[in-house]
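These protein sequences, in sequence, are chains U and L.
Every number in my numbering is 1 more than the matching position in the first sequence, counting from 1.
Every number in my numbering is 1 more than the matching position in the second sequence, counting from 1.
Where is the CB? At the ideal position from N, CA and C, for every residue including glycine.
Since the model is a prediction, treat every value here as computed from it, not as a measurement.
Number of protein chains: 2
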Amino acid sequence: MARTKRAGRRSGNPDTRAEILAAARRLFADEGFESVSMRRIASEAAVDPSLIHHYFGSKDDLFLAAIEIPLDPAPEVEAVLSQGGVEGAGGRLMHAFVAIWDGPHHEKLLAVVRTSLSKPAMSFVLRQLFEHRIVKTVESTIGDQVDNVPVRASFIASQIFGLVVARYILKLEPVASLNAAELAETVGPTIDRYLTMPVEHLVDRD
Amino acid sequence: MARTKRAGRRSGNPDTRAEILAAARRLFADEGFESVSMRRIASEAAVDPSLIHHYFGSKDDLFLAAIEIPLDPAPEVEAVLSQGGVEGAGGRLMHAFVAIWDGPHHEKLLAVVRTSLSKPAMSFVLRQLFEHRIVKTVESTIGDQVDNVPVRASFIASQIFGLVVARYILKLEPVASLNAAELAETVGPTIDRYLTMPVEHLVDRD
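As structure tokens, this is what we get:
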């Protein structure tokens, strides 16, 4: 009975949470974390703003909920490295990169990157994903074939993040429109070199 | 006489413009373009907000004024490439990169990058710097030694922007604390390869 009181606004039905998350992801990806208000997200999801606070708490909490599940890069990295090891890993990583970034999670991934790069307090999102998911996965899969994984991973991250920036944020051509095979051929060898170059002298230097 | 009416607020003296710009750079670098209000910048510069509008117009205009002069990367790129040409250019570029980014303009540069990456409407800043300053400078200095400069420059940009992200925003170690010689040795060869690899097949592919 109370339902009819709020025509045009959805109350706490099972889809509401998912709709708020979808609206938040879309707006964070398109406009960045800072520009988007909770009120705006509520309007986009056609719910009352108080419902967002009820389900998710703060805007930071909503962001973390919005990025949480399908972003985890660990299984992707594990798949790339466990099939074939170090040999040709750069090329396989580029194929996985394109599959992930040009796939259904594109908007959410872009929102994570934009927010993490623009708001100092949120850079922990990418840094934690890197340190606690990616480095650990690389160590557990090819740690027996490659020394100093954290050192190599930081160089590889520098190329991968730069590719995200050039291809998806700045849209520099031709990097923005290359297909997976072309990226594997051009950027793959950069990754391979970072996996094999001498790095012992860069560890604990002082 | 009117001066004493506004104790604690500076009026339009010759330093006011410079102090507004310095405050804007500091806040944009620390907190990103979106988070910082004009009122906040006025407070930081200890001036009346109306003075900022008077001198600079909109917040976007203030940003462009704040990034304008010492940012121009063209002379730096020209110096790197005109002394020695393509041979060893990657290593020299890394030395110039560290000199610029660890130098007095660090805050301003970081503000430009953060803003350009977080706000879609501002990504034109980095894209325009890239297309209209860097690519043109590379073409005018080593365009006779290297084919398809815009293609190569987009790959090089992907590594350079990624280095900015990994070293100065996410602060991934050891990339964040390497000195210029160490970056020249590790990342320099990536740049050199992007300057010399075959790229004809990546031009006008459709």
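- Helix, strand or coil: how does DSSP classify Pro-190/L here? helix
- Message: Beta-carbon within less than 8 Å of Ala-158/L's beta-carbon, same chain only, minus the 5 sequence neighbours each way: which residues are those?
- Response: Phe-131, Ile-135
- Query: Given that a residue counts as buried once 16 or more other Cβ atoms are within 10 Å of its Cβ, and exposed if not, what is Val-204/L?
  - Reply: exposed
- Got a sec: which bits of the region 154-172 of chain U sit with their beta carbon under 9 Å from any beta carbon on chain L, in order along the chain? Ala-154, Ser-155, Phe-156, Ala-158, Ser-159, Gln-160, Ile-161, Phe-162, Gly-163, Leu-164, Val-165, Val-166, Ala-167, Arg-168, Ile-170, Leu-171, Lys-172
- Query: Expressed to the nearest angstrom, what Euclidean distance is found between the alpha-carbon atoms of Ser-117/U and Arg-93/L?
  - Reply: 30 Å
- Item | Cα-Cα separation between Ala-182/L and Asp-103/L, rounded to whole angstroms | 14 Å
- Are there 16 or more other CB atoms within 10 angstroms of the CB of Ser-51/U, so buried, or fewer, so exposed? exposed
- Kindly indicate which three-state DSSP category Val-37/L falls into: helix, strand or coil? coil
- Message: Counting only beta-carbon separations shorter than 8 Å, does Pro-121/U have a partner in chain L?
- Response: yes
- Alpha carbon to alpha carbon, how far is Val-188/L from Val-200/L? Give it in angstroms, no decimals. 20 Å
- Task: Less than 8 Å between the CB atoms is what I'm expecting for Lys-29/L and Ala-112/L, so what's the real figure, rounded?
- Result: Contrary to the premise, residue 29/L reads as Phe rather than Lys in this sequence. That belief holds up - the Cβ atoms of Phe-29/L and Ala-112/L are roughly 4 Å apart, short of 8 Å.
- Message: For Arg-27/L, which residues in the same chain have their Cβ closer than 8 Å to its Cβ, ignoring the five residues on either side in sequence?
- Response: Glu-45, Glu-108
- Top-ranked residue by Cα proximity to Val-1/U, from Arg-153/U, Arg-115/U, Val-126/U, His-106/U: An answer regarding residue 1/U cannot be provided, because it is not within the stretch 2 to 207 covered by chain U.
- State the Cα-Cα distance for the pair Leu-82/L and Asp-62/U, rounded to the nearest angstrom. 48 Å
- With 16 other CB atoms within 10 Å as the buried threshold, where does Gly-163/L fall? buried
- Query: How should Gly-91/U be labelled, buried or exposed, when 16 other C-beta atoms within 10 angstroms of its C-beta is the threshold for buried?
  - Reply: buried
- Just the Cα atoms here: how many angstroms apart are Arg-40/L and Glu-20/L? 14 Å
- Message: Does chain U have any CB closer than 8 Å to the CB of Pro-190/L?
- Response: yes
- Query: How about Ser-155/L and Glu-186/U: are their beta carbons less than 8 Å apart?
  - Reply: no
- Item | Cut-off 8 Å between Cβ atoms - residues of its own chain near Gln-146/U, not counting five sequence neighbours on either side | Gly-86, Val-87
- Message: Please state the DSSP three-state secondary structure of Asn-149/U.
- Response: coil
- Task: Output, in chain order, the set of chain L residues within a Cβ distance shorter than 8 Å of Ser-38/U.
- Result: The premise fails here: Ser-38/U is roughly 11 Å from chain L at the closest Cβ pair, so nothing lies under 8 Å.
- Between Glu-23/U and Ser-124/U, what straight-line distance do the alpha-carbon atoms span, to the nearest angstrom? It should be noted that the sequence gives Ala, not Glu, for residue 23/U. Their Cα atoms are separated by approximately 22 Å.
- Task: Report the neighbours of Leu-65/U on chain L: residues whose CB is nearer than 7 Å to its CB, in chain order.
- Result: In chain order: nothing, as chain L lies at least about 17 Å away.
- Query: Between Val-126/L and Arg-18/U, what straight-line distance do the alpha-carbon atoms span, to the nearest angstrom?
  - Reply: 37 Å
- Message: In this structure, how does DSSP classify Glu-88/U when only helix, strand and coil are distinguished?
- Response: coil
- Of all the CB atoms in chain L, is at least one closer than 8 Å to the CB of Glu-88/U? no
- Name, please, each residue of chain L whose Cβ falls closer than 8 Å to the Cβ of Arg-115/U. Leu-118, Ser-119
- Task: Determine whether the Cβ of Arg-194/U lies closer than 8 Å to any Cβ atom of chain L.
- Result: yes
- Gly-89/U to Ser-38/L, Cα distance in whole Å? 49 Å
- Message: Given this structure, state the Cα-to-Cα distance separating Lys-120/U from Glu-32/L, to the nearest angstrom.
- Response: 6 Å
- Establish whether the CB of Arg-93/L and some CB of chain U are separated by less than 8 Å. no
- Query: Excluding the five sequence neighbours on either side, which residues of its own chain have a C-beta within less than 6 Å of the C-beta of Asp-193/L, listed in chain order?
  - Reply: Gly-91
- Is Leu-179/U close to chain L, meaning its C-beta is less than 8 Å from at least one C-beta of that chain? yes
- Item | Own chain residues within Cβ distance below 6 Å of Gln-191/U, not counting five before or after | In the sequence under discussion, the amino acid at residue 191/U is Thr, which differs from the Gln named in the question. The residues are Gln-160.
- Item | Cα-Cα separation between Val-176/U and His-55/U, rounded to whole angstroms | 43 Å
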